[in-house]
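Protein sequence lines, in the order shown, are assigned to chains A and B.
Residues in the first sequence are numbered from 1 upward in steps of one, following my numbering.
Residues in the second sequence are numbered from 422 upward in steps of one, following my numbering.
There are 2 protein chains.
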Amino acid sequence: MDIRNASKEELLTLKAELTAQYDECCAKNLKLNMARGKPGADQLDLSKDLLTVIATNEDTVMDGTDLRNYGGLDGIPSCKALFAELLGTKPENVLIGGNASLTMMYDNMMRLWVFGDCNGSTPWSKLEKVKFLCPVPGYDRHFSICQQLGMEMIPVPMDDNGPDMNMVEELVKDEAVKGIWCVPKYSNPSGAVYSDEVIQRFAALKPAAKDFKIMWDNAYVVHHLTDEEIEILDIFEEAKKHGNEDMIFMFASTSKITYPGAGVACMVASENNMKWTKKLLGVQAIGPDKINQARHVKFFGNAAGVKEHMKKHAAILAPKFQMVLDMLEQNLQGTGATWLAAKGGYFISFDLPGCATRIFELCKNAGLVMTDAGATWPYGKDPQDSNLRIAPSLPPVSELKDAMEVFCICAKLAAVEKALG
Amino acid sequence: MDIRNASKEELLTLKAELTAQYDECCAKNLKLNMARGKPGADQLDLSKDLLTVIATNEDTVMDGTDLRNYGGLDGIPSCKALFAELLGTKPENVLIGGNASLTMMYDNMMRLWVFGDCNGSTPWSKLEKVKFLCPVPGYDRHFSICQQLGMEMIPVPMDDNGPDMNMVEELVKDEAVKGIWCVPKYSNPSGAVYSDEVIQRFAALKPAAKDFKIMWDNAYVVHHLTDEEIEILDIFEEAKKHGNEDMIFMFASTSKITYPGAGVACMVASENNMKWTKKLLGVQAIGPDKINQARHVKFFGNAAGVKEHMKKHAAILAPKFQMVLDMLEQNLQGTGATWLAAKGGYFISFDLPGCATRIFELCKNAGLVMTDAGATWPYGKDPQDSNLRIAPSLPPVSELKDAMEVFCICAKLAAVEKALG
């Protein structure tokens, strides 16, 4: 039955059925969670040897440096080389950070806010108004940074190829628009992969603001879920053609390669931006944890080692994603719901206009925690109340099945309620 | 001979002798360094077991948390408890950071600069003028933070009991004076220990600025060099008596307990300041490296374990400090030079008015790197050109002896040159 064309009687019958199922769910006192993109314990177990790969005093010398002591503002050479190989850049364009690319992004935004960019632009904090472009659905932690700094966020719709570039090109004519957040590969949450055309248009942007910055969060660069290891264009190479290299900051980390809490993050930037960053960063820090960098270098050896390791993650994750997709397919036909079969990353983006908040509440009351409805939009406000982010990675398969059963009942019930008006 | 009372002839003879000695030094092509307070390799070797104390997947669960995964913004409970015991506070007043208290101090200053304090004060960046008090001689990295933010730094003289509190109490009548840097125990570089009276007067301060903040850098809290394990008054306890708890931020780290590059840092603050910090920090970070926290907890067990460990550091460091003091005593009598026999910390503060820059240059040309002359003063400008910071920890004893021979020759030569006018 297609709920959208059903009679009132049919809908009432269905609602009664679903309500009975829902009440059964609630009675089970479930405690399920599909809220955040956390790797499961079995994924974390894959990196066990990381813990002991640096074990003796002798192991703590690498690249001729005592890793235990002070120093190394931009990271140890071999760790910069590892990330450079992985990200297709040169080591001198890589800055190694601590355990979180989020912190590197925040600190980069803060530097622009307080000090102005590498070409001596006015610090954004001194301007009347700063606007930032936010492709939607997007990553709530990106938006929180803008919100904390009091920027005005402008949503830009995404499709399977990335953000709407006509709209981006139009919006950047406003000098108050200072930048944009991008997750170019296996986007959070839609899984979209930016097309060559989208990346080329980003690289060629001519914003009115000379200090416009692209925050290129390459969080899922090697996080494939299928045998198709999708590669995207190198935005720095493209930007070079237009003299736009200073416009781009790229971020990545091993949070979802080794350990979310104890991985290594990095930033990639132009020569000018590296100089600017290191000068300012040198007052904030002496250097990130070099022993943990060395652990990663020794554990992986090289980029091929990382890619091999990611296949083990995919072997664990792909069946979970497939189960979610299968259950959506089986249960939510004819409800108006849509979703994307992501080929990588950590999320499945789910849309059912007018129902997201209600689905979230129903799930919550049945013991299933989902990411807040609206979280994928700036200010937590989804104008269509449509999008929910499904994170299948953390629960074991058996729990995931329970969680998706609850989710599908809740989504269908919300759709029926909406159809009944 | 006392250089200050010597005849011109005597001085010229001495100068010729010293110059000959100096030329001999230069001819050796030495490569010595007494510049930074880095622990030596033998000290770092003491923490070898830290590397392997968390070795299996099972080890990565502590306090009921998977240390490998996301979370834990303020640190794991057992690590907060360890620092709380060490610093005489409650775990709920402790915030664990990454590997650097410097970064925690910088970020705290940045939060005050951009967002204003826990009581909703005007962000310092919005004020016409912000002044900060800097006890001298002091720590260059503290001063760099103020300088980067464009604050006006006001030097406050230190003696053996801490900063000149009459001057502090006078200066804080100016509402533009927003804070002060303090290293209350074994101060960097003088080794001074703040007296009870100084701490009580800090705790009782009534600055004109309601958002005045004391940056209490307890970097050397357990870093004794003698059997006398000096304890100072708890500034938070004292501040409570005056309702001044929100005025104080304390910092500490294991940088000079385990590893400078891979230790654990923390901040201690009032309940209000903890709430304020966590709210803002939650946008910058998900949580610091929990595995490294657990390593420290398991390696030390408790505060007594840390104190036991510090005795091993003292056994290595104390002879180095003694050698420096002995050589100063033997060689620099009658030059006008003064120094302090620190009972803890990492430095010996050396003074010879009008000679610091010349000594630094002479040392440099003879292959001995010292901390820049002036570095212990705001803007790197020592008005008396007097102070140099000697850091005896890094060189092995044999090199340290060579370094101090060079240093003493240079200092004496500079004194003679000055006496000759």
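Quick reminder that beta carbons are idealized off the backbone N, C-alpha and C, glycines included.
Since we're looking at a predicted model, the values are computed, not measured.
In terms of beta-carbon proximity, residue 365/A stays away from the interface with chain B, with every pair separated by 8 Å or more. Collapsing the DSSP output to three states places residue 410/A in a helix.
At a cut-off of 8 Å between beta carbons, residue 798/B makes no contact with chain A. The beta carbon of residue 425/B lies closer than 6 Å to those of 757 in the same chain, with the five residues before and after it left out.
The count of Cβ pairs closer than 8 Å, one atom from the segment 522-539 of chain B and one from the segment 735-742 of chain B, stays below three, leaving the stretches out of contact. Sorting 415/A, 344/A, 341/A and 260/A by C-alpha distance to the C-alpha of residue 45/A places 260/A at the top. Within chain B, no C-beta atom comes less than 9 Å from the C-beta of residue 390/A; the nearest is roughly 17 Å away.
The DSSP-derived three-state label of residue 556/B is strand. Within chain B, no residue has its CB atom less than 7 Å from the CB of residue 254/A, the nearest being about 12 Å off.
By the CB criterion at 8 Å, residue 154/A and residue 133/A fall inside the cutoff. Among the CB atoms of chain A, one or more fall inside 8 Å of the CB of residue 457/B.
Using a C-beta cut-off of 8 Å, the segment 492-501 of chain B makes no contact with the segment 658-666 of chain B, since fewer than three inter-stretch Cβ pairs fall below that distance.
Considering only beta carbons, the part of the segment 566-582 of chain B lying closer than 7 Å to chain A consists of 566 and 569, in chain order.
Residues of the segment 205-235 of chain A that bring their beta carbon within less than 7 Å of a beta carbon in chain B are absent altogether.
As the crow flies, the alpha-carbon of residue 167/A is around 35 Å from that of residue 417/A. At least 8 Å separates the beta-carbon of residue 396/A from that of residue 34/A. By the criterion of a C-beta distance shorter than 8 Å, residue 1/A is surrounded in its chain by 10, 14 and 334, once the five residues flanking it on both sides are discounted.
If you compare the alpha carbons of 71/A, 124/A and 412/A with that of residue 460/B, the shortest gap goes to 71/A. At a Cβ-Cβ threshold of 8 Å, residue 593/B and residue 629/B count as neighbours. Residues 73 of the same chain have their beta carbon placed closer than 8 Å to that of residue 282/A, with the five preceding and five following residues left out of the count. The beta strand (DSSP E) runs of length 3 or more contained entirely in the segment 469-536 of chain B are, from start to end of the chain, 515-517.
Around the Cβ of residue 47/A, a 10 Å sphere holds 16 or more other Cβ atoms; the residue is buried.
Taking a contact as a CB-CB distance under 8 Å, the pair residue 223/A and residue 37/A does not count as one, their CB atoms being some 10 Å apart. A straight-line Cα-Cα distance of about 6 Å links residue 348/A and residue 342/A.
Fewer than three pairs of CB atoms, one per stretch, sit closer than 8 Å, so the segment 275-289 of chain A makes no contact with the segment 182-189 of chain A. Annotation: residue 426/B is outside any alpha helix (DSSP H) and is labelled neither H nor E by DSSP. In the displayed model, residue 151/A falls within coil according to three-state DSSP, outside both helix and strand. Contacts between residue 45/A and chain B, judged by CB atoms closer than 7 Å, involve 478 in chain order. As far as DSSP is concerned, residue 734/B takes part in no beta bridge. For residue 712/B, no pairing in a beta bridge is given by DSSP. Relative to residue 365/A, the option among 409/A, 180/A, 420/A and 298/A whose CA is nearest is 409/A.
Residues of chain B whose Cβ lies closer than 8 Å to the Cβ of residue 400/A do not exist; the shortest such Cβ separation is about 17 Å. The alpha-carbon of residue 405/A is positioned some 15 Å away from that of residue 415/A. Between residue 606/B and residue 653/B, the C-beta spacing is below 8 Å. At a Cβ-Cβ threshold of 8 Å, residue 551/B and residue 544/B do not count as neighbours. For the segment 220-267 of chain A, the full-length alpha helix (DSSP H) segments reaching 4 residues or more read 235-240 along the chain.
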